[in-house]
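A.B. asks:
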Amino acid sequence: KTVLIVSHDRGFLNHTTTKTIHLHRKRLYYYGGNYDTFVKVRAEHRAHQAADSKIHERKVAHIKQFISRFGQGHKKMAKQAQSRQKQLLRLQNEASEME
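Start counting the sequence shown at 482; every next residue gets the next number (this note's numbering).
(1) Less than 8 Å between C-beta atoms, sequence neighbours within five positions excluded: which residues of the same chain meet that for residue 509?
(2) Going by the CB atoms, is the gap between residue 516 and residue 499 shorter than 8 Å?
(3) Using the Cα positions of residue 543 and residue 552, report the straight-line distance between them to the nearest angstrom.
(4) Use the C-beta contact count for residue 531: other C-beta atoms within 10 angstroms, 16 or more gives buried, fewer gives exposed.
(5) With 16 other CB atoms within 10 Å as the buried threshold, where does residue 519 fall?
Structure representation (structure tokens):
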């Protein structure tokens with residue numbers, strides 16, 4: 482049996498729930514365990530996302546620097562800069578999908 486409970490009482494939620502469904506940005510996320518488990522797992526997930534975001538930002542900055550440095554000049558380097566421009570667009574599209 483499934484029962485939908487909406488409450489702001491953490492103690493009540495901890496004692497009565499075995500699964501939590503979190504609605505965020507029009508998506509549902511499923512978590513096993515009580516409310517405290519949900520809070521812990523969600524915090525870990527957000528920390529991982531923040532770390533991934535920092536890595537992504539560093540990659541984007543590195544590619545932008547490469548493009549600005551080698552975008553004009555020798556034909557071979559300009560070609561590599563164009564390739565990096567495409568890579569940058571892919572990374573930016575991935576970032577927008579992750580959000």
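Don't be surprised by glycine CBs; every beta carbon is placed ideally from N, CA and C. Source: prediction; values computed, not measured.
C.D. replies: By the coordinates alone:
(1) Stepping through the sequence shown from its first residue, residue 509 is reached at position 28. Once the five neighbours on either side are set aside, the close Cβ partners of residue 509 are 502 and 503.
(2) Here residue 499 refers to the residue found at position 18 when the sequence shown is read from its first residue. Here residue 516 refers to the residue found at position 35 when the sequence shown is read from its first residue. It is not a contact, given that the beta carbons lie outside the stated cut-off.
(3) Stepping through the sequence shown from its first residue, residue 543 is reached at position 62. Stepping through the sequence shown from its first residue, residue 552 is reached at position 71. So the alpha carbons of these two residues sit roughly 13 Å apart.
(4) Residue mapping note: residue 531 aligns to position 50 of the sequence shown, counting from 1. Exposed is the call here.
(5) Here residue 519 corresponds to residue number 38 of the sequence shown, with the count starting at 1. Result: buried.
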